[in-house]
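When we follow full-length UniProt numbering, the leftmost residue of the sequence shown carries the number 1, and every step to the right adds one.
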Amino acid sequence: MDETIEKLNQYLSVLRPEFYSQLNNPLTDEQIDTLEDYYKLEIPTDLRILYKWKNGQNMNCYDSFVNNSMFIPLNQALFDASELNMMIGTDFEIENWWNKNWIPIFQNGGGDSICYDVKGIFTGQKNQLIEFWHADNDRNIISGSLKSFLTKLIDFYEAKDNIDFDEYFRIRNIDGYPKRFIVE
């Protein structure tokens, strides 16, 4: 994962320098440990590595990090997850409309997220990425891991020249994904 983050850092700093300057400083292990203690959960190693690289993007920066979504600081991601967790069984009566094992790490600003799935809901594969649509019942797993998702993002950057970069883009067709699920 460290090599993946290093490559991502290189491409973002060269192809998107203005956006790169809007990424927040990394978290330390101690800061992540504090968040784990507060929210009573364990941050998986690959997610920890991501946030030790950069703690999301400045909340006043609305540029897309990936898939028309912003990269959310870890404290905000965990707060948002805890708020959504409290809605399970009341506002969210359908099983897995929201799941307590999801951490929304990329958000589009309209209530939709790409979540890190700690437990592997639907497939049993831990640490996969799943799309949460606040108003729709599809819960597509878009990648089997954070690393494979970021690797596909790097592949996108490798195929782009600085001058033809459009900040809206989608990372798709990661080997065997998406896997589609409907909750009812």
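Even for Gly, the Cβ is constructed at its ideal location relative to N, Cα and C.
Being a predicted model, the structure only gives us computed values, none of them experimental.
Query: contact_flag[the segment 97 to 112, the segment 64 to 77] where n(CB pairs < 8 angstroms) is 3 or more; Result: yes
Query: R170 versus K152: straight-line alpha-carbon distance, rounded; Result: 10 angstroms
Query: S145 (DSSP reduced to helix, strand or coil); Result: coil
Query: Beta-ladder partner(s) of I130, from DSSP; Result: C115, I141
Query: As assigned by DSSP and simplified to three states, the class of P178; Result: coil
Query: Classification of K40 by the beta-carbon crowding that lies within 10 angstroms, buried from 16 upward; Result: exposed
Query: Cβ-based burial, P17 [other Cβ within 10 Å; buried from 16]; Result: exposed
Query: In DSSP terms, what W102 is bridged to; Result: D117
Query: Run of the alpha helix (DSSP H) containing Y168, from where it starts to where it stops; Result: No alpha helix (DSSP H) holds Y168; DSSP gives it neither H nor E.
Query: Distance, K179 Cα to T45 Cα; Result: 24 angstroms
Query: Touch test, the segment 55 to 65 against the segment 13 to 33, Cβ-Cβ under 8 angstroms, three pairs minimum; Result: yes
Query: Meets three-Cβ-pair contact criterion under 8 angstroms: the segment 109 to 116 and the segment 66 to 73; Result: yes
Query: Collapsed DSSP secondary structure at V66 in the structure displayed; Result: strand
Query: Nearest residue (CA-CA) to A81, options F132, F65, T123; Result: F132
Query: Separation of H134 from E30, as counted between CA atoms; Result: 33 angstroms
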